[in-house]
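This report concerns only the one structure given below.
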Amino acid sequence: IIGGSEAPENTIPWQVMLSVDGGRGGGMVIADRWIMTAAHNLVHDGNPASKDTVRIYMGLTDVKSLLGSPVYAASIHIHPEYNNPNLLDYNNDIALIKLQDQITFNSSIMPICLPAEGATYVTGEMGLVSGFGITETNNRRILTNKLKYVQVPVVEQAICSNSVALLKRNRDNVPDLTNNMFCAGVPEGKKDSCQGDSGGPYALRHDGQFWAAGIVSWGVDCGKQGTYGVYTRVANYVGWINTTMQEN
Amino acid sequence: SWRLPEPEPVMHGAVQSPNYPQPYSPNLQEQWDLSVPEGYQIRLTFTHLDIEASAGCYYDSLTVLYDAKILGKFCGHENSADGHHPGTQPILSPGNTLTLIFQSDDSNPERHQNVGFSAQYQAIDRDECSEPEPDDGSGPLCSQICLNTLGSYVCSCHHGYELRPDQRSCMSSCGGGIFDEPEGYLFSPGYPNPPPHAVSCQYIISVEAGFTVSLNFTDNFHIESVDTEQGPNCIHHWLEVTIPEREPIKLCGGKSPGLIATNSNTVTLDYHTDDEGQSRGWSLDYSTNRVKCPIPGDVAMGRVTPILTEYFYRDYIFVRCDQGYKLMMDGEEITSFSTMCQNNGQWHLPLPECHIIDCGEPEPLLNGRWVFLSGFDNQYLSVVQYHCNEPFYTLLGGINVMFTCEADRKWRSNNDIVINPICIPVCGQPTKLLTGYQR
Chain E
777 IIGGSEAPEN TIPWQVMLSV DGGRGGGMVI ADRWIMTAAH NLVHDGNPAS
827 KDTVRIYMGL TDVKSLLGSP VYAASIHIHP EYNNPNLLDY NNDIALIKLQ
877 DQITFNSSIM PICLPAEGAT YVTGEMGLVS GFGITETNNR RILTNKLKYV
927 QVPVVEQAIC SNSVALLKRN RDNVPDLTNN MFCAGVPEGK KDSCQGDSGG
977 PYALRHDGQF WAAGIVSWGV DCGKQGTYGV YTRVANYVGW INTTMQEN
Chain F
481 SWRLPEPEPV MHGAVQSPNY PQPYSPNLQE QWDLSVPEGY QIRLTFTHLD
531 IEASAGCYYD SLTVLYDAKI LGKFCGHENS ADGHHPGTQP ILSPGNTLTL
581 IFQSDDSNPE RHQNVGFSAQ YQAIDRDECS EPEPDDGSGP LCSQICLNTL
631 GSYVCSCHHG YELRPDQRSC MSSCGGGIFD EPEGYLFSPG YPNPPPHAVS
681 CQYIISVEAG FTVSLNFTDN FHIESVDTEQ GPNCIHHWLE VTIPEREPIK
731 LCGGKSPGLI ATNSNTVTLD YHTDDEGQSR GWSLDYSTNR VKCPIPGDVA
781 MGRVTPILTE YFYRDYIFVR CDQGYKLMMD GEEITSFSTM CQNNGQWHLP
831 LPECHIIDCG EPEPLLNGRW VFLSGFDNQY LSVVQYHCNE PFYTLLGGIN
881 VMFTCEADRK WRSNNDIVIN PICIPVCGQP TKLLTGYQR
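Note that the protein sequences, when read in sequence, are chains E and F.
So the first sequence is numbered by our numbering: it starts at 777 and just counts up by one.
So the second sequence is numbered by our numbering: it starts at 481 and just counts up by one.
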C-alpha cells in the first residue's frame, strides 16, 4: 500500500494474506469456507497452483503473528475465462479458494459483503484498499509486515482508459483495460496499492456495510502521478461466485 | 375235560315227541329243559297231543314241570273220554324255565297208533310289578312306583323323593348338591310341609371366585329348637351355615335369619333333623355380588376413568395423564395403563404416576445459543429463545426465534416448525472503524 496507514486490529477483518510458492498476495474472506482473490495469485506460468502450496492467513494485522496459524485450502477455483500466459491479459482476474475447515467469525475475522449483481461504482466514491504488499517509506519501497490501508476514489472508466492508453504509447506490454476492471486512485499519485497487495480487497461502504467492489489486480508502477490502480470489477462476477460456492 | 357251554336262551321254539308225526316207540323216556331269558315266562301251546290215554296217564304221559313242581301231566287226545288232554289253553310257566318229560311204557294198543305231541313255546314278558309281594318279608319290589320293562322292571319315586342305592326303596329328596349358578332357590325337603324324620341334607353354594354369596331366608322359617335360658338351642334340629375360615353358624327357631351376607364365594348348608320333633323347614333365595375393590384414588396431573362410586370384580380403570405429562410406573415410562379389579378385591396393578414430559436439550445452534425464557429442565411448555453470536452472526429469517416444548416432545416455534434456526454471518461490519480527525 502506497501512501497509506497501518490498519488497527479488527478494522479490516476480511483481509487475508496468501502465500503461494513463497509469493505474497492478498485476499478477502467472503464466507465461512471461502476466500476470494485474484486469479493471477494462483496461476504461475499459465499453471494453476496446487492447493497444497497455498497458505492462507487471517485475523491479525502483523504478518509475524499471522504466520503461526495458517488455514488450508480444500480446493481452488480460478475463473474459467482467466487466461494470462504472458501477463498481458488480466481480464477475469478472479479466483475462489475453498477452505478445508469452516471459520468461526469474530471481531478479527469477518466476511466482506458481496455486491449486488450489477452494482454501480460511483466515480469519486472513496474505497478502502488494504494489503501486506509493498509500501514506501522515505522514498524507499519496502515490503511491510503490517497490514496497511489507503483510501482511494473510484476513477471514471474513461479517464482510466485514457490513462492506460497513454501508458501504452510510452511502454511496452501494458495490459488492456476491460469492462471487467475499474480504476481507483488519485491523479497526483502517492496513494495506491502495489505488489503484494494483489488479490486484496477494494471495499466500498454503503449503509454501514463494506462490500467487495474490487480485487487488487494490476497497475503500472505504484502511486505514480497519472496512473491508477486497476481492480477486478467484482459486481460483474456475482453470478459466477454464487454458482461456484453453491456447486462446491 | 370239556366244559359244555350253557345253552343260549331263546325267545321261542318247538318241541315234538320222537318220530312225530309217526307213532312213538314204546319204552321211551325223553326230557326237554326249555329256558328263555331272565324276566320272561314260557308260554307253551300244544298244536297236537295224542298219547295213549290211561287213568292218571299211568302208562304213557307228557309231564310239564316248573322247578320240580308239576304243572300238568297229559295223555289221551282231544276227543278221548279218558286221559288228560291240555286242550287249547296254553300253559304258562311261573319262571323262565320249563321241563317236559315224555315217557311211554312197553306196550301200545294195536288198533290205534298214538303219534305223541307237538308244541310251540315262546317267551312272554313277566310283569314283575303286578306280581304279589314275595313271601320272604322283603316287602314289595318297589316301595313307590314299579315300571315293568321287557325282561325286567325298574323302580321309581314320587316327586320329592329319590331312589335309594338299593334301587327299590325311596327316600325323601334333599334337593341338595352343588349350586354354582349366580342365583338360586333352596328349600328343605318337603318345604313348606314338614319333611320326614332323620333328614341329613347338604347344600353347597359355590360360585366363581370374585363373587360373594348372600343368603336371603324367607319369613316362613321353622326349625325346632329347645328353649334354654340362653335362648333357643339347636340341639336336635338345625341348619348349619359354614363359611370358609369362619365359625359355623347353627340356625334354628321360628324366626327367619333374613339376609346373611357371607362375603364368600362358597357356603355350605347342612340341614339335620333327628327321628323326633317336627320342623316345617326353611327356604331361601341366594344371590351373588361381585367383589368390591377399593376406590382407586387420584393421580396427580392425570385422570382415572371411569369414575364410579364403587368398583367391582372385573371392572377396569384407565389412567391418562394431562397434556404434557407421561405415564410412569416403576421408573419406566409406559404407553398406556389399565388395571382390573381382581377376584380378591385388589387391583392387579397399582396406579401409575404422571410425570411432566421433557423435550430434551434443544438442538444446539452453530454460532449461536439458546436461553430459557421460561420453564426449566426442558420440561413441557418451557420456552427457549435462540440467539446468534452477535455481532458476527445473525439469525436467518428472524430476530426472535422462540421454541416451546410441546406435548409431542418436540420444540416448536410459533410457526409450528420443528427445524432449527440458522445463524448466518454478518458481513462488512467490522467492530472497529478506521477513524481519524485530521483534515
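From the three backbone atoms N, C-alpha and C, an ideal C-beta is built for every residue, glycine too.
Cross-strand partners of residue i (DSSP beta bridge)
i, result
"P677 (chain F)", "In the sequence as presented, Pro is not what sits at residue 677 (chain F); that position holds His. DSSP, once it has assigned bridges, lists no residue as partnering H677 (chain F)."
"F872 (chain F)", "DSSP, once it has assigned bridges, lists no residue as partnering F872 (chain F)."
"F554 (chain F)", "F:L542"
"S941 (chain F)", "The structure shown has nothing for residue 941 (chain F), since chain F only spans 481 to 919."
"A871 (chain E)", "E:T813 and E:I854"
"N823 (chain E)", "E:H820"
"W827 (chain F)", "F:C821"
"G657 (chain F)", "F:Y683"
"G801 (chain E)", "E:L794"
"R849 (chain F)", "F:H867"
"W987 (chain E)", "E:C889 and E:L980"
Reduced DSSP category for residue i - H, G, I as helix; E, B as strand; rest coil
i, result
"V950 (chain E)", "coil"
"S481 (chain F)", "With a pLDDT of only 47 at S481 (chain F), under 50, the local geometry of the prediction cannot be trusted, and the value read off the model is given with reservation. It is coil, neither helix nor strand."
"T829 (chain E)", "helix"
"Y635 (chain F)", "It should be noted that the sequence gives Cys, not Tyr, for residue 635 (chain F). Note: C635 (chain F) maps to strand in three-state DSSP."
"I904 (chain F)", "strand"
"M1021 (chain E)", "helix"
"Y504 (chain F)", "coil"
"L890 (chain E)", "coil"
"E785 (chain E)", "coil"
"N628 (chain F)", "strand"
"C537 (chain F)", "helix"
"W790 (chain E)", "coil"
"Q933 (chain E)", "helix"
"Y866 (chain E)", "coil"
"K890 (chain F)", "coil"
"E964 (chain E)", "coil"
"S841 (chain E)", "helix"
"K922 (chain E)", "strand"
"N769 (chain F)", "strand"
"A561 (chain F)", "coil"
"P574 (chain F)", "coil"
"R760 (chain F)", "coil"
"K806 (chain F)", "strand"
"R945 (chain E)", "helix"
"Y796 (chain F)", "strand"
"V1006 (chain E)", "strand"
CB contact below 8 Å: residue i versus chain F
i, result
"Q985 (chain E)", "yes"
"I778 (chain E)", "no"
"I1017 (chain E)", "no"
"N1024 (chain E)", "no"
"T1008 (chain E)", "no"
"I873 (chain E)", "no"
"F881 (chain E)", "yes"
"P977 (chain E)", "no"
"I788 (chain E)", "yes"
"P784 (chain E)", "yes"
"T1020 (chain E)", "no"
heavy atom of the ligand SAM below 7 Å from residue i C-beta
i, result
"C681 (chain F)", "The ligand SAM is not part of this structure, which contains no ligands at all."
Members of the region 902–932 of chain E near chain F, C-beta cut-off 9 Å: Under the 9 Å Cβ criterion, the region 902–932 of chain E contributes L904, Y925 and Q927.
Between the region 898–914 of chain F and chain E, which residues of the former have a C-beta closer than 8 Å to a C-beta of the latter? Contacts with chain E (Cβ-Cβ distance below 8 Å) from the region 898–914 of chain F involve P905, V906, C907, G908, Q909, P910, T911, K912, L913 and L914, listed in chain order.
Runs of alpha helix (DSSP H) lying entirely within the region 672–754 of chain F, each at least 4 residues, in chain order: Those alpha helix (DSSP H) runs which fall completely within the region 672–754 of chain F and span 4+ residues do not exist here.
Please list, in chain order, the residues of the region 866–895 of chain F that have any C-beta partner in chain E closer than 9 Å. Within the region 866–895 of chain F, the residues whose Cβ lies closer than 9 Å to any Cβ of chain E are, in chain order, N869, P871, F872 and Y873.
What residues from the region 819–848 of chain F come within 8 Å of chain E, judged by C-beta to C-beta, listed N to C? Only those residues of the region 819–848 of chain F whose C-beta falls short of 8 Å from the nearest C-beta of chain E are listed: N847.
For the region 883–900 of chain E, which residues have a beta carbon sitting closer than 8 Å to at least one beta carbon of chain F? Going along the region 883–900 of chain E in chain order, one finds S883, M886, P887, I888, C889 and L890 with a Cβ nearer than 8 Å to chain F.
Check each residue of the region 806–818 of chain E: if its Cβ is closer than 9 Å to any Cβ of chain F, include it; give the result in chain order. Legend: CB atoms of the region 806–818 of chain E lying less than 9 Å from CB atoms of chain F belong to residues I806, A807 and D808.
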